[in-house]
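Residue numbers (this note's numbering): 170 to 360.
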């Protein structure tokens with residue numbers, strides 16, 4: 170998980186050596202020393218703290234704003250499959266064009282491309298949320314996507330047990346029926 174450690178160059182309560190040790194203890198962490206500052210950089214040099222945070226967060230952004238659509242389209246194809254994305258693209262009308270652009274740019278390009286979670290984990294989370302919310306079409310779509318995300322049927326079953334515990338047995342039971350039907354169809358399609 171990305172982390173930024175900030176320390177004032179004149180901090181006696183938390184000296185630079187302590188900040189360096191903290192940075193070294195957190196994999197991938199970055200240390201920023203705020204000059205002419207003691208123990209409370211946010212009060213003493215707020216502009217320097219904001220600049221350091223902005224630079225750090227900008228560096229964490231996996232996709233530049235102009236590339237978000239292209240990156241999103243690539244991830245969408247990788248997860249949902251070229252055929253599905255082609256069918257969805259062919260069905261776009263002026264009514265849903267802005268929405269399709271939004272989900273490609275912001276959901277696929279802004280969320281699915283982030284480095285904080287592997288695609289496999291995002292797939293599991295999406296399955297759980299779609300099941301919990303009762304979003305049948307999206308749930309089935311993401312069950313089908315498991316062939317590309319590496320989620321196994323056993324993992325789907327575990328996710329749905331978790332959904333049953335936290336979102337209710339009826340939601341999980343219905344999703345389990347959908348998953349069984351979809352997985353069977355997927356198996357038949359490969360014969």
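Cβ atoms here follow ideal geometry from the backbone N, Cα and C, with glycine treated the same way.
For residue i, count the other beta carbons within 10 Å of its own beta carbon; 16 or more makes it buried, fewer makes it exposed. Which is it?
i	result
residue 203	buried
residue 245	buried
residue 290	exposed
residue 308	buried
residue 180	buried
residue 325	buried
residue 330	exposed
residue 292	buried
residue 208	exposed
residue 175	buried
residue 197	exposed
residue 319	exposed
residue 328	buried
Starting from residue i, follow the alpha helix (DSSP H) in both directions and report where the run begins and ends.
i	result
residue 203	Element bounds for residue 203: not the alpha helix (DSSP H) but the beta strand (DSSP E), 199–203.
residue 325	322–336
residue 270	266–271
residue 254	251–259
residue 208	No alpha helix (DSSP H) holds residue 208; DSSP gives it neither H nor E.
residue 304	From DSSP, residue 304 is part of no alpha helix (DSSP H); its letter is neither H nor E.
residue 190	185–194
Could you tell me the alpha carbon to alpha carbon distance between residue i and residue j, rounded to whole angstroms?
i	j	result
residue 322	residue 347	12 Å
residue 219	residue 213	12 Å
residue 297	residue 304	10 Å
residue 284	residue 171	9 Å
residue 266	residue 259	11 Å
residue 236	residue 182	43 Å
residue 192	residue 217	19 Å
residue 185	residue 281	36 Å
residue 356	residue 187	56 Å
residue 205	residue 211	12 Å
residue 271	residue 264	13 Å
residue 294	residue 332	10 Å
residue 173	residue 194	12 Å
residue 349	residue 268	30 Å
residue 343	residue 243	31 Å
residue 310	residue 215	46 Å
residue 353	residue 275	32 Å
residue 338	residue 360	33 Å
Do residue j and residue i come within 8 Å of each other at the CB atom, strictly closer than that value?
i	j	result
residue 273	residue 241	yes
residue 288	residue 248	yes
residue 238	residue 278	yes
residue 351	residue 313	yes
residue 301	residue 252	no
residue 225	residue 256	no
residue 201	residue 221	yes
Please report the residue range of the beta strand (DSSP E) in which residue i lies.
i	result
residue 286	Taken as a continuous stretch (DSSP letters only), residue 286 belongs to no beta strand (DSSP E), as it is neither H nor E.
residue 175	173–177
Establish whether the CB of residue i and some CB of chain D are separated by less than 8 Å.
i	result
residue 273	Of the protein chains in this structure there is only one, and it is not chain D.
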